[in-house]
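Novice:
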Amino acid sequence: MLKMQNISVRNILINLNLTVRKNEFVLIVGENGAGKTTLFNTIAGMIKPGRGSVLIDDQDVTDSPLHIRAAAVANVFQDPKVGTIGSMSIRENLNMAYMRGKKRSFFSMGSSRERDCIYKEKLMPLNMNLENRLDDFAEDLSGGQRQALSIVMSLIADSKILLLDEITAALDSKTADSIIEIINKNVRKQKKTCLMITHNAKHIGHLGDRTLILRDGRAIDLGKR
Amino acid sequence: MLSMLELQTAVEIGVIYGTLSMGLYLTFRTINFPDLTCDGSFVAGAAISSALIKCGYSPFFAAVAAIFAGGIAGLCTGVLNLMAKIEDLLSGIIVAFMLYSVNLRIMGSSPNITLVDKITMFSEGSSLSTACAITVSLVILFSYLLNTDFGLGLRAVGQNRQFAASSGVNVNSMIIVGLMGSNALVGLCGSIFSQYQGFCDISQGVGSLVIGLASVIIGEKMLSCFNIRKRAEKSFLPILLSFVSCVAGSIAYRIFIAIAVNCDALGLRTQDINLITGLLVIFVMRSTKSGRNLC
């Protein structure tokens with residue numbers, strides 16, 4: 001469960017209170033500058049709130065650094081270049097996600113058949129042939145393929161909370177639909193708590209368990225769909 | 226004209242300095258940290274190993290001590306940058322500056338130590354094969370390390386610190402490990418070079434940073450000329466090729482300098498080395514920026 005109590009970040013978020021239950025899928029909407037991305041950055045640990053606390057499974061993580069919180073929170077950014085490393089191969093990017101929250105050893109090589117099978121299984125539903133291009137560099141992928149890769153990376157991780165920040169903004173409608181379907185299926189199957197920022201009217205009312213609107217630094221619950 | 230002996234010497238020094246360029250590759254390219262500790266940690270390695278050899282210790286034990294000395298220098302730079310919040314460039318400069326006094330102390334307040342009549346790594350067998358054995362082992366070791374899960378985290382830090390941190394990588398620890406590894410290699414290079422030359426001098430490290438960077442840049446240019454990196458299919462190969470290119474760049478740099486200094490028509494002398502090095506770096510970097518290939 002994710003709980004945010006009286007969170008204030010500069011003048012963007014003001015005394016924000018938010019509770020997201022375990023396995024819940026919540027859509028976040030709001031105008032530009034309403035603080036949606038700031039909210040996500042605060043949950044992920046990239047921004048430390050001026051006031052208030054962030055609790056994950058009743059544990060106060062407000063002061064825990066980004067790399068510690070990464071074990072519990074995975075995020076997908078709007079720009080796939082932020083969420084992947086271009087000079088690394090697809091396999092290496094997936095390895096980074098696979099090792100999230102795990103101890104990195106000097107002795108274990110980043111690639112193995114076992115891991116490759118997991119990656120291929122996750123990449124196959126995308127229908128982008130990425131499963132046969134594991135050695136290709138991420139910078140050689142198109143924007144859409146790279147975003148799809150970063151989404152798969154977030155699903156490979158063992159994190160409890162998944163933050164999706166306008167992930168379909170750079171995708172064509174067909175790819176966007178299939179990716180949303182994959183996310184929805186995996187979030188339910190893996191029992192993740194998911195928060196998704198969207199501007200797409202198609203998603204509101206059809207996706208997620210409930211919708212929150214961010215306005216004047218506060219979260220207003222629009223209720224269940 | 227360049228004689229065979231001069232060419233062999235250039236290749237030997239090039240192979241030895243390959244270790245230095247690998248160290249600089251680790252900081253400047255892998256973890257993306259502009260570390261200027263090199264000029265100090267090179268002499269620290271040379272000084273500690275020469276002092277130990279002079280006291281009768283094994284040259285290999287002396288080389289291990291040089292690795293530790295370099296590693297500690299890197300640790301100091303990392304701590305200054307990450308804990309004391311001093312800028313990266315400045316922390317390296319401060320540590321290199323302070324190391325001058327430390328190195329003089331290690332050398333017993335003498336500006337040089339001679340290793341004549343002492344047993345060094347190069348006392349037996351061919352110098353080239355000894356240098357090659359050490360450098361090739363290091364290339365394989367570091368290529369392996371950077372392909373492990375730990376190495377992957379280290380590389381991620383250099384590419385995108387935010388991504389690395391949000392993937393669970395402790396960025397600060399990785400930077401310190403990278404700096405220690407890099408300066409350990411530089412210290413080792415100092416030790417090997419002083420043993421090869423048969424003496425250690427307090428000013429031996431001057432310009433080593435530029436030489437190392439020149440080697441890295443030349444090596445990268447050679448790699449891009451043949452478009453090798455893009456052809457490398459397996460994940461292990463790009464890293465291995467990067468380190469091989471560092472050593473190849475170092476050898477090419479030494480051969481170039483040897484040709485320039487020994488070419489009577491140019492009228493250049495040994496004291497012109499810094500000028501030639503600077504011009505070479507400018508030329509290679511300029512051609513990289515303008516996107517023109519040298520070959």
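So the protein lines, in turn, are chains A and B.
Each residue of the first sequence is one higher than the one before, counting from 1 in our numbering.
Each residue of the second sequence is one higher than the one before, counting from 226 in our numbering.
Using N, Cα and C, we set each Cβ at its ideal position, and we do this for glycine too.
Less than 8 Å between CB atoms is the rule here; does residue 122/A satisfy it with respect to chain B?
Specialist: Closer than 8 Å: no.
Novice: Is the distance from the Cβ of residue 128/A to the Cβ of residue 148/A below 8 Å?
Specialist: Yes.
Novice: Taking DSSP as the reference, what is the three-state secondary structure of residue 516/B?
Specialist: For residue 516/B, the pLDDT reaches just 45, beneath the cut-off of 50, and the residue's location in the model is therefore unreliable, leaving the point undetermined.
Novice: Along the chain, where does the alpha helix (DSSP H) containing residue 313/B start, and where does it finish?
Specialist: 313-331 is the extent of the alpha helix (DSSP H) around residue 313/B.
Novice: In chain A, which residues lie with their C-beta within 9 Å of the C-beta of residue 499/B?
Specialist: The premise fails here: residue 499/B is roughly 33 Å from chain A at the closest Cβ pair, so nothing lies under 9 Å.
Novice: What are the complete beta strand (DSSP E) segments, minimum 3 residues, inside the region 10-80 of chain A?
Specialist: Listed in chain order, they are 13-20, 25-30, 51-56, 73-76.
Novice: Using a Cβ-Cβ cut-off of 7 Å (strictly less than) and excluding sequence neighbours within five positions of residue 107/A, which residues of its own chain qualify?
Specialist: Nothing listed; no residue qualifies.
Novice: Going by the CB atoms, is the gap between residue 319/B and residue 340/B shorter than 8 Å?
Specialist: Their beta carbons are not under 8 Å apart, which means residue 340/B does not touch residue 319/B by this criterion.
Novice: Is it a yes or a no for the region 244-255 of chain B touching the region 405-422 of chain B, going by three-plus beta-carbon pairs under 8 Å?
Specialist: Touching, yes, given that three or more Cβ pairs across the two stretches are closer than 8 Å.
Novice: For chain B, check one thing: does any of its Cβ atoms lie closer than 8 Å to the Cβ of residue 82/A?
Specialist: At least one chain B Cβ lies under 8 Å of residue 82/A.
Novice: Could you tell me whether any Cβ in chain A is nearer than 8 Å to the Cβ of residue 362/B?
Specialist: It does not; no Cβ of chain A falls within 8 Å.
Novice: What in chain B is Cβ-close to residue 101/A, meaning under 7 Å?
Specialist: Within chain B, the residues near residue 101/A are 393.
Novice: Taking buried to mean at least 16 other C-beta atoms within 10 Å of its own C-beta, is residue 516/B buried or exposed?
Specialist: Below a pLDDT of 50, predicted positions are generally treated as unreliable, and residue 516/B, at 45, falls in that range; the measurement from the model is reported next regardless. Exposed, since its Cβ has fewer than 16 Cβ neighbours within 10 Å.
Novice: In whole angstroms, what separates the C-alpha of residue 16/A from that of residue 46/A?
Specialist: The alpha-carbon atoms of residue 16/A and residue 46/A are separated by roughly 17 Å.
Novice: Determine whether the Cβ of residue 366/B lies closer than 8 Å to any Cβ atom of chain D.
Specialist: Protein chains in the displayed structure are A and B, and chain D is not among them.
Novice: Over the uninterrupted beta strand (DSSP E) stretch that includes residue 194/A, give me the two end residues.
Specialist: Element bounds for residue 194/A: 193-197.
Novice: How many whole angstroms separate the CB atoms of residue 241/B and residue 414/B, which I take to be in contact at a CB cut-off of 8 Å?
Specialist: Contact holds; Cβ gap of about 6 Å.
Novice: I'd like to know whether the C-beta of residue 293/B is nearer than 8 Å to at least one C-beta of chain A.
Specialist: With 8 Å as the cut-off, residue 293/B does not count as an interface residue toward chain A.
Novice: Kindly list, in the order they appear in chain B, the residues whose Cβ is closer than 9 Å to that of residue 40/A.
Specialist: By Cβ distance, chain B contributes nothing, its closest Cβ being about 11 Å from residue 40/A, past 9 Å.
Novice: If contact is defined by three or more beta carbon pairs under 8 Å, each pair taking one atom from either stretch, is the region 350-366 of chain B in contact with the region 78-97 of chain A?
Specialist: No contact exists between the region 78-97 of chain A and the region 350-366 of chain B.
Novice: Rounded to whole angstroms, what is the Cα-Cα separation between residue 190/A and residue 217/A?
Specialist: So the alpha carbons of these two residues sit roughly 31 Å apart.
Novice: Tell me the DSSP bridge mates of residue 219/A?
Specialist: Answer is 214/A.
Novice: How big is the Cα-Cα spacing for residue 169/B and residue 274/B?
Specialist: In the structure as shown, chain B starts at 226 and stops at 520, and residue 169/B therefore has no counterpart that could be examined.
Novice: Given residue 401/B, which residues of its chain have a CB within under 6 Å of its CB, disregarding the five upstream and five downstream residues?
Specialist: Excluding sequence neighbours, residue 401/B sits near 303.
Novice: For residue 156/A, go through chain B and note every residue whose CB falls closer than 7 Å to its CB, in chain order.
Specialist: Near residue 156/A there are no residues of chain B at all, since even the closest Cβ is about 11 Å away, more than 7 Å.
Novice: Are residue 317/B and residue 374/B close, meaning C-beta to C-beta below 8 Å?
Specialist: Cβ atoms of residue 317/B and residue 374/B: not closer than 8 Å.
Novice: So, are the CB atoms of residue 20/A and residue 193/A less than 8 Å apart?
Specialist: In contact: residue 20/A and residue 193/A (Cβ atoms closer than 8 Å).
Novice: Less than 8 Å between the CB atoms is what I'm expecting for residue 161/A and residue 2/A, so what's the real figure, rounded?
Specialist: Indeed, because the Cβ distance is near 6 Å, the residues count as touching under 8 Å.
Novice: Nearest-angstrom Cα distance between residue 116/A and residue 174/A?
Specialist: Taking the straight line joining both Cα atoms gives about 27 Å.
Novice: In terms of residue numbering, what span does the alpha helix (DSSP H) encompassing residue 388/B cover?
Specialist: That run of the alpha helix (DSSP H) goes 386-391.
Novice: Could you spell out the range, first to last residue, of the beta strand (DSSP E) harbouring residue 163/A?
Specialist: 161-165 is the extent of the beta strand (DSSP E) around residue 163/A.
Novice: Can you tell me where the beta strand (DSSP E) holding residue 425/B begins and where it ends?
Specialist: Note, residue 425/B: beta strand (DSSP E), 424-426.
Novice: Where does residue 175/A fall in DSSP's three states?
Specialist: Helix, per DSSP.
Novice: Between residue 378/B and chain A, is the shortest Cβ-Cβ distance under 8 Å, so that the two count as touching?
Specialist: At least one chain A Cβ lies under 8 Å of residue 378/B.
Novice: Using a Cβ cut-off of 8 Å (strictly closer), state whether residue 152/A contacts chain B.
Specialist: False, the Cβ-Cβ gap to chain B never drops below 8 Å.
Novice: Along chain A, which residues have their Cβ under 7 Å away from the Cβ of residue 373/B?
Specialist: Result: 105, 106, 107, 108, 109, 110.
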